[in-house]
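In what follows, a structure is listed as structure tokens, so that the remarks can point back to it.
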Amino acid sequence: MTAQTAEQFDQRTRAALAGLLLAMADDEFVLGFWDSEWTGIAPVLEEDVAFASLAQDEIGHAQALYRLLTEVQGGDPDKVAFGRAPEAYRHARLLDHPRTDWAFSVARRFLYDTADAARLDALAASAYRPLAELVAKLRREETYHLLHMHAWMERLADGGEEPRSRLEAALERLWPDARCVLAGIDDAPLVAAGVLAEPLAAVERRWLGGLAPVLERLGLPLPSTTAPPAAGCRGPERSDDFRWLWEQFTMVYRSDPEAAW
Amino acid sequence: MQVFEVFRREREGGPMQHAGNLLAPDPELAAHYAREFYGRRQESVRLWIVPRAAIRDLDDPDLLQPPFDRSFKKPAGYSTEIKRKLAEARARAGGEGGAGGDAEDDDPVVASGRKGVEQG
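From first to last, the protein sequence lines stand for chains B and D. So that you can map any letter, position 92 of the first sequence is 92 in this note's numbering, and since no number is skipped, the others follow by simple counting. Position in the second sequence (from 1) plus 261 gives the number in this note's numbering.
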């Protein structure tokens, strides 16, 4: 069965679909704001433009996902994006870290983009047609993101002692939280309804299976696959760093929530 | 870091035109940056990214700006003569296409050519 509108699903599936869309939208939204912080201070001017452009893409993806979410559950996309308390955001804990140094931001984006690509693969033939159509567009833009992040992973891994040790430290710190990208979502009803092609545990196995040869080629440590992510992968507990970012990106909206844009 | 020159094609069938240049550590990142600078707003359908070092630079005035009159190497003289003959043939055939004659006056090549004929 395919559905053009979410009303064609039962209530539990609809709630799970809303949960999935909010999680994905918040992931893209928060990553977009963190990475936009490199504008003006990336390693070279050209990378300033490139990284800011990637960040801008993510905000665009978030906008499309928030719109789809409000088609499922009603409401206003801007209000969902900017009008919530920090505890109500559902992004993965991977995105609670600040930008830190360049290797850290590259490692975070590499882990996120590869996990997100595995997630998008499982949504490409979604029974919820508006989502399948959106995912087709997202995947085309993510192709370039993946190329760019693979290029940077290679350069940092082969770039001498300091870049390599910073990259290794970042990966080690981020691994447990990276696994949250494919967790914290009620996936059973979504798989049953054909919205999601396979359980998130299977998506995660596919993600890690794809990463292994890449990391091996770069001589970087593989993550431990035994420890499941701890509880609270998608809130409500939030880091002080995220609360600071939230203050920044909601500042204008909070100054006058009723303003017309 | 090295300089790369970027050429872009705006639409299918159009010429590759110089877009600008950028700095990159290697050809792969140069391609990414070229995409960001000259393609991220869907303004190009094709890019060429060329290391500046691969460009043969030629600006010798003896080769490019020789001192003698070169007007006989320009196609305008030939074109002027052909157009004059064509106008004569048209006149012999019965003066058709007055509107066409007006349109030709808007063509700077034709207009200057005619002037040349009058002066000659």
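Cβ atoms here follow ideal geometry from the backbone N, Cα and C, with glycine treated the same way.
Asked	Found
Candidates B/A230, B/A3 and B/L69: closest to B/L21 by CA position	B/L69
Within-9 Å CB hit, B/R139 to chain D	no
Reference B/Y112; option with closest CA among B/A92, B/D57 and B/A157	B/A92
Chain D contact residues for B/L50, given Cβ-Cβ distances below 7 Å	Sequence inspection shows Ala at residue 50 of chain B; the Leu mentioned does not correspond to that position. Near B/A50 (Cβ distances below 7 Å), the residues of chain D are H293, Y294 and E297.
Cβ-based contacts, 8 Å cut-off: residues of the segment 147–181 of chain B near chain D	L147, H148, A151 and R155
Test: D/R270 CB closer than 9 Å to a CB of chain B	no
Alpha helix (DSSP H) runs wholly inside the segment 84–131 of chain B, at least 4 long, in chain order	102–121
Minimum Cβ-Cβ distance from D/Q301 to chain B less than 9 Å	In the sequence as presented, Gln is not what sits at residue 301 of chain D; that position holds Arg. Closer than 9 Å to some Cβ of chain B, the Cβ of D/R301 qualifies, so yes.
Chain-ordered neighbours of D/E289 on chain B, where CB pairs are closer than 8 Å	A151
Counted within 10 angstroms of its Cβ, other Cβ atoms place B/M149 as buried (16 or more) or exposed	buried
Top-ranked residue by Cα proximity to B/H97, from B/Y144, B/A15, B/D187 and B/P176	B/P176
Supposed close pair B/E28, B/E58 - CB separation, criterion 8 Å	4 Å
Spatial distance of B/A64 from D/L324 (CA atoms)	58 Å
Selected residue, minimal CA-CA separation from B/L146, among B/L120, B/L167, B/A81 and B/G159	B/L120
Endpoints, the alpha helix (DSSP H) within which D/Q278 is located	From DSSP, D/Q278 is part of no alpha helix (DSSP H) but of the beta strand (DSSP E) over Q278 to A285.
Chain-ordered neighbours of D/A285 on chain B, where CB pairs are closer than 7 Å	E46
C-beta neighbour in chain B for D/M262, strict 9 Å	yes
Residues bridged to D/F265 (per DSSP)	D/L283 and D/P312
C-beta atoms of D/R270 and D/L319 nearer than 9 Å	no
Sequence-distant residues of its chain with Cβ nearer than 8 Å to B/P221 (five each side left out)	E168, L171, E172 and L215
Where the alpha helix (DSSP H) through D/S305 begins and ends	Counting along the chain, D/S305 falls outside any alpha helix (DSSP H), and DSSP gives it neither H nor E.
Within chain D, partners of B/S224 - CB distance below 7 Å	Near B/S224 there are no residues of chain D at all, since even the closest Cβ is about 31 Å away, more than 7 Å.
Which listed residue (B/A85, B/F33, B/E37 and B/P86) has its alpha carbon closest to that of B/H61	B/F33
Candidates B/R243, B/R205 and B/A42, of which the one nearest B/W115 by Cα	Residue 115 of chain B is actually Ala in this sequence, not Trp. B/A115 has its Cα closest to that of B/R205, out of B/R243, B/R205 and B/A42.
CA nearest to the CA of B/T2, picked from B/A127, B/A81 and B/L95	B/A127
Interface partners of B/S105 on chain D, CB under 9 Å	Result: empty, since nearest Cβ-Cβ is about 16 Å, beyond 9 Å.
Minimum Cβ-Cβ distance from B/S53 to chain D less than 9 Å	yes
B/Y144 versus B/F242: straight-line alpha-carbon distance, rounded	27 Å
Interface flag, D/A360 vs chain B, CB-CB below 9 Å	Residue placement at D/A360 is poorly supported in this model, since its pLDDT is 46, which falls under 50; the coordinates still yield a value, given next. With 9 Å as the cut-off, D/A360 does not count as an interface residue toward chain B.
Among D/A292, D/V306 and D/G300, nearest to D/G274 - alpha-carbon criterion	D/V306
The segment 234–254 of chain B in contact with the segment 38–56 of chain B per 3-pair CB rule at 8 Å	no
B/F104 versus D/A315: straight-line alpha-carbon distance, rounded	36 Å
Backbone CA spacing between B/L95 and B/A55 [nearest angstrom]	13 Å
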